[in-house]
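I have placed the structure first, in the form of structure tokens, so that the comments after it can refer back to it.
Below, the structure is given as structure tokens:
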């Protein structure tokens, strides 16, 4: 039996392209996940279900290798587990089929290239963030506690007339945000 597995990373993405390709490849049953590729099979319930469903002689088919995993070690671990269970791996985009020696070689080479590419992206992202920081730009969410809110919180706290809950309500922040701002504001 050919078993399909499709994965997207976020709810904003669609499985449609992968499902069309897997159905065209003759998959008799397809399992789908919405989860990061960096998550292990324990955190991707449909992958765990597909692996449980697979029997010796079956083929696990994916649209692309990166749908199965993001790191070389994870992909190799998955391939080894499938091999131990006498289940082959087929990737449609890379045209890999581990039932042949050539397919196994290509699988390992492409897995290494995929991890290399992810590493390059990570390095470029970190370099871009470093340049942005040098130029005074800071990423992330805007801070809820502005200097004016921190000053107001310190005044309310020091006056002793307001409870922590009252200060949080007045400033529309959580206790954790308030405590962090008071701690950081007191050291500045």
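In my numbering, the protein residues as written are 257 to 444. Yeah, the Cβ is synthetic: ideal placement off N, Cα and C, and Gly gets one too. Treat the numbers as computed from the prediction; the structure is a model and nothing was measured.
Close-in-space but distant-in-sequence residues of the same chain around residue 352 (CB under 8 angstroms, 5 per side omitted): In the chain shown, the residue the question calls residue 352 occupies position 96. Around residue 352: 321, 345, 346, 359, 362, 363 and 366.
Limits of the unbroken alpha helix (DSSP H) element including residue 389: Numbered from 1 along the chain shown, position 133 holds the residue referred to as residue 389. Taken as a continuous stretch (DSSP letters only), the alpha helix (DSSP H) holding residue 389 covers 357-390.
At least 3 beta-carbon pairs within less than 8 angstroms: the region 304-322 vs the region 276-286: Yes: at least three Cβ pairs fall under 8 angstroms.
Given residue 259 as reference, the closest of 282, 265 and 270 once Cα atoms are compared: Position 3 of the chain shown, counted from the first residue, corresponds to residue 259. Nearest C-alpha to residue 259: 282.
Beta-carbon proximity list for residue 349, same chain, < 7 angstroms, skipping 5 on both sides: Sequence index remark: in the chain shown, residue 349 carries index 93 (1-based). 319 and 320.
Buried or exposed by the 16-neighbour rule on C-beta atoms within 10 Å, applied to residue 334: Your numbering for residue 334 matches position 78 in the chain shown. Around the beta carbon of residue 334, a 10 Å sphere encloses 16 or more other beta carbons of the protein chains shown; the residue is thus reported as buried.
Enclosing beta strand (DSSP E) for residue 265 [first to last residue]: Mapped onto the chain shown, residue 265 falls at position 9. That residue, residue 265, is in no beta strand (DSSP E); it is neither H nor E in DSSP.
Option in 300, 400, 391 and 284 with minimal Cα separation from residue 266: For this step, residue 266 is matched to residue 10 along the chain shown. Nearest C-alpha to residue 266: 300.
Nearest-angstrom beta carbon gap, residue 314 and residue 343 [assumed within contact, 8 angstroms]: As a working mapping, residue 343 is identified with position 87 in the chain shown. As a working mapping, residue 314 is identified with position 58 in the chain shown. That belief holds up - the Cβ atoms of residue 343 and residue 314 are roughly 5 angstroms apart, short of 8 angstroms.
Which residues DSSP lists as bridging residue 318, in chain order: Residue mapping note: residue 318 aligns to position 62 of the chain shown, counting from 1. Residue 318 pairs with 261 and 347.
8 angstroms contact criterion, which residue 432 and residue 409 should meet: CB distance rounded: Sequence index remark: in the chain shown, residue 432 carries index 176 (1-based). Sequence index remark: in the chain shown, residue 409 carries index 153 (1-based). Contact flag wrong, Cβ pair sits at about 13 angstroms.
Start-to-end residues for the alpha helix (DSSP H) that takes in residue 393: Taking the first residue of the chain shown as 1, we reach residue 393 at position 137. Neither: residue 393 is in no alpha helix (DSSP H) and is coded neither H nor E.
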